[in-house]
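One structure below.
2 protein chains.
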Amino acid sequence: MKQMAQKEQTHIRIRAANPWPPEHGQEPTHIVLSAAEQAELARLAEVIVFETEGSQITPQGQSAGFLYLLADGVVRASHTLNHGDRQVVAFFWPGDLFGLAQAGTYVNSAEAVTSCRVYRFPIRKLEQFLLTHPKIQHSFFIKAIHDIRSTQRQLIVMGRFDVPRRLAIFLLDCSGHELYFDPATQILSIPMTRYDIADYIGTSAESVTRAMNTLESKGLIQRLAARAVELKRADLKAFADVE
Amino acid sequence: MKQMAQKEQTHIRIRAANPWPPEHGQEPTHIVLSAAEQAELARLAEVIVFETEGSQITPQGQSAGFLYLLADGVVRASHTLNHGDRQVVAFFWPGDLFGLAQAGTYVNSAEAVTSCRVYRFPIRKLEQFLLTHPKIQHSFFIKAIHDIRSTQRQLIVMGRFDVPRRLAIFLLDCSGHELYFDPATQILSIPMTRYDIADYIGTSAESVTRAMNTLESKGLIQRLAARAVELKRADLKAFADVE
DNA sequence: CGTACGCTTGAGCCCCCTCAAAAACGGTGG
DNA sequence: CCACCGTTTTTGAGGGGGCTCAAGCGTACG
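Those protein sequences? They're chains X and Z, same order as listed. Going from the first sequence to the working numbering is simple: count from 1 and add 162. Going from the second sequence to the working numbering is simple: count from 1 and add 162.
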């Protein structure tokens with residue numbers, strides 16, 4: 163279920179781009195931390211491995227003592243409402259931070275979509291640490307801004323696109339993460355269920371399937387299996403027409 | 163249209179609550195900056211007043227040189243898509259930061275909903291300043307986290323609630339801001355148009371009107387004028403049933 | 001080999017969108 | 001003060017996208 167490991171080669175990456183880059187052009191997709199900074203951060207953290215998918219990492223409503231940095235795997239953050247409906251608020255990929263709290267308790271529950279490895283930071287210690295390491299705090303700040311941006315983007319998608327388009331955008335987003343997308347064959351391995359996707363793009367699992375049909379009949383994707391799809395990315399982009 | 167003013171009494175407030183409060187209980191709704199910190203920040207900023215509503219503050223797509231802190235008034239951040247649809251991504255109230263950028267350009271356009279007053283920070287200088295003032299940078303970090311939280315909340319609302327409920331939640335959110343809500347009479351003065359509301363909660367202006375009808379017929383609100391509504395807050399909360 | 005879970009398909013209905021037009025409101029100038 | 005005009009808000013009618021309920025199918029796993 164859950165394993166501890168103290169000695170791993172530490173390689174801490176934060177997935178975010180500086181919104182105000184010194185010079186424009188090719189944006190790095192990750193914040194670069196020096197080896198020393200990585201080591202300092204790693205000293206604060208515990209590495210935890212969640213083997214089985216579906217494991218709860220931060221249960222919604224529970225007292226929030228930790229911030230998490232995803233090292234490997236995929237995690238979903240979902241919020242369950244009183245009447246039982248579930249909204250998946252974000253999927254996290256390697257380099258993402260999660261464990262959002264409000265008034266000291268977790269706002270969402272975070273669950274392993276695949277088996278995954280995380281760095282777990284005691285929030286009190288981390289806060290102190292960041293105050294004495296302004297450059298690293300700056301990286302965390304940039305990451306937070308990055309996450310505002312992606313959440314806003316999802317908001318736009320939910321507010322103004324029909325279900326097939328939302329799905330197209332979702333598939334394109336997934337294709338941005340190596341390990342689940344093979345650029346050579348253009349095949350995407352979808353790590354999550356139809357239900358996860360549905361709760362993320364604000365629809366039902368049935369409608370996700372139907373939207374897959376729509377995309378396939380338009381020749382924008384080709385289904386090889388339920389969880390494996392070949393993408394025509396240019397066509398998908400033209401169809402969704404985001405930005 | 164736009165007026166400069168150098169000498170105002172500076173009173174800088176940031177609207178956000180620390181997600182990991184030292185002790186639980188009554189949460190402050192604003193970050194407290196010392197008089198010295200306020201003065202230091204104010205030295206970086208220029209105060210700008212936008213008299214006419216609808217004024218563009220940050221046009222979408224324009225090169226992003228500034229970060230803004232709203233002092234007075236209401237601002238909307240909207241994103242316009244290629245096919246012309248508009249999504250209002252957030253409304254800003256006094257104490258909110260805006261001017262979100264990506265790769266050096268503004269992601270959304272920010273426009274004055276009412277006449278308003280802002281502090282304008284040159285982003286380069288502010289970044290340098292924050293690196294040498296870790297406590298203030300921490301406040302900005304907390305604010306960013308706060309904004310992630312509110313954007314996620316809106317995402318949940320858009321994904322899982324019907325239009326009348328979305329409107330109910332919106333009205334309740336508005337009622338949290340003094341100056342537009344009178345606790346004595348429970349009357350809310352809505353500063354924005356039906357179109358703004360519609361583009362924010364992901365529907366059409368007509369549906370906003372119809373949702374108003376629904377809420378009124380259920381006895382949850384009482385319309386005094388198009389922009390003035392008496393709220394039965396407890397009943398609205400029960401109806402919307404968020405969290 | 002059976003069961004559970006995830007995925008797909010079908011049928012019917014309802015919420016909400018779109019188009020269209022009337023009504024209310026606010027401001028401006030005579 | 002009033003007539004005029006643009007904007008905002010409201011109401012109406014009709015159609016469609018997506019939801020719900022229900023059942024069939026495929027697959028992994030004990």
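We put the CB at the ideal spot given by N, CA and C, even for glycine.
- Per DSSP, L386 of chain Z lies in no alpha helix (DSSP H); the unbroken beta strand (DSSP E) holding it starts and ends at I383 to A387.
- Straight across, the Cα-Cα distance linking G266 of chain Z with A274 of chain X is about 34 Å.
- Taking 7 Å as the cut-off between beta carbons, the residues of the stretch 303–323 of chain Z near chain X are F303, A306, I307, D309, I310, R311, T313, Q314, Q316, L317, I318, M320, G321 and R322, in sequence order.
- Going by beta carbons, E199 of chain X and K305 of chain X fall outside the 9 Å limit.
- Excluding five sequence positions before and after A402 of chain Z, the CB atoms of its chain that fall closer than 8 Å to its own CB belong to F323, R327, A330, I331 and L334, given in chain order.
- One finds nothing in chain Z with a Cβ atom closer than 9 Å to the Cβ of L195 of chain X; even the nearest lies about 15 Å away.
- Close to V269 of chain X, with beta-carbon spacing below 9 Å, are these residues of chain Z in chain order: P181, R311, Q314 and R315.
- Within the stretch 237–320 of chain X, the complete alpha helix (DSSP H) segments of 4 residues or longer fall at 285–294, listed in chain order.
- Excluding sequence positions up to five before and after F291 of chain X, its CB lies within less than 7 Å of the CB of L206, all in the same chain and listed in chain order.
- Taking C-alpha positions only, V250 of chain X is separated from M354 of chain X by approximately 12 Å.
- Within the stretch 192–218 of chain Z, the runs of alpha helix (DSSP H) that reach at least 4 residues and sit entirely inside it are, in chain order, 197–206.
- Spanning the alpha carbons of H339 of chain Z and I363 of chain Z requires a straight line of approximately 18 Å.
- Going by DSSP, A390 of chain Z is part of no alpha helix (DSSP H) but of the beta strand (DSSP E) stretching over A390 to L393.
- Relative to L262 of chain Z, the option among X:R385, X:E378, X:S366 and X:T313 whose CA is nearest is X:T313.
- Under the three-state reduction of DSSP, I349 of chain X is assigned to strand.
- For R286 of chain Z and A239 of chain X, the gap between their C-alpha atoms comes out near 33 Å.
- When DSSP states are grouped into helix, strand and coil, R177 of chain X belongs to the strand group.
- Distance from the Cα of L259 of chain Z is smallest, within the candidate group Z:S225, Z:L341, Z:V269 and Z:I176, for Z:I176.
- In terms of Cβ geometry, I383 of chain X and V391 of chain X form a close pair [threshold 9 Å].
- For A367 of chain X, no Cβ of chain Z is located within less than 9 Å of the residue's own Cβ.
- Straight across, the Cα-Cα distance linking A233 of chain X with G257 of chain X is about 6 Å.
- In this structure, X:K394 is the residue among X:D309, X:K394, X:R315 and X:S366 with its C-alpha nearest to the C-alpha of D344 of chain X.
- Counting the other CB atoms within 10 Å of its CB gives T365 of chain X a total of 16 or more, which places it among the buried residues.
- Interface with chain X (9 Å Cβ-Cβ cutoff): N375 of chain Z is excluded.
- Within chain Z, the C-beta atoms nearer than 9 Å to that of P296 of chain X come from L292, L293, T294, H295, P296 and Q299, in chain order.
- As DSSP reads the structure, T220 of chain Z sits in a beta bridge with Z:A272.
- Within the stretch 226–245 of chain Z, the residues whose Cβ lies closer than 7 Å to some Cβ of chain X are A226, H241, L243, N244 and H245, listed in chain order.
- The beta carbon of A272 of chain X sits closer than 6 Å to those of I219, T220, V237, A239 and F260, all from its chain and outside the five residues before and after it, given in chain order.
- Secondary-structure assignment with DSSP links D344 of chain Z through a beta bridge to Z:I349.
- Note on geometry: alpha-carbon atoms of H295 of chain X and A179 of chain Z lie some 22 Å from one another.
- At a cut-off of 9 Å between beta-carbon atoms, A207 of chain Z makes no contact with chain X.
- Among the CB atoms of chain X, one or more fall inside 9 Å of the CB of Q249 of chain Z.
- Within the model, the alpha-carbon separation for F303 of chain X versus I307 of chain Z is close to 9 Å.
- The beta carbon of Q299 of chain Z sits closer than 8 Å to the beta carbons of L292 and L293 from its chain, once the five residues preceding and following it are set aside; these are given in chain order.
- Straight-line spacing of the CA atoms in L229 of chain Z and P284 of chain Z works out to 7 Å.
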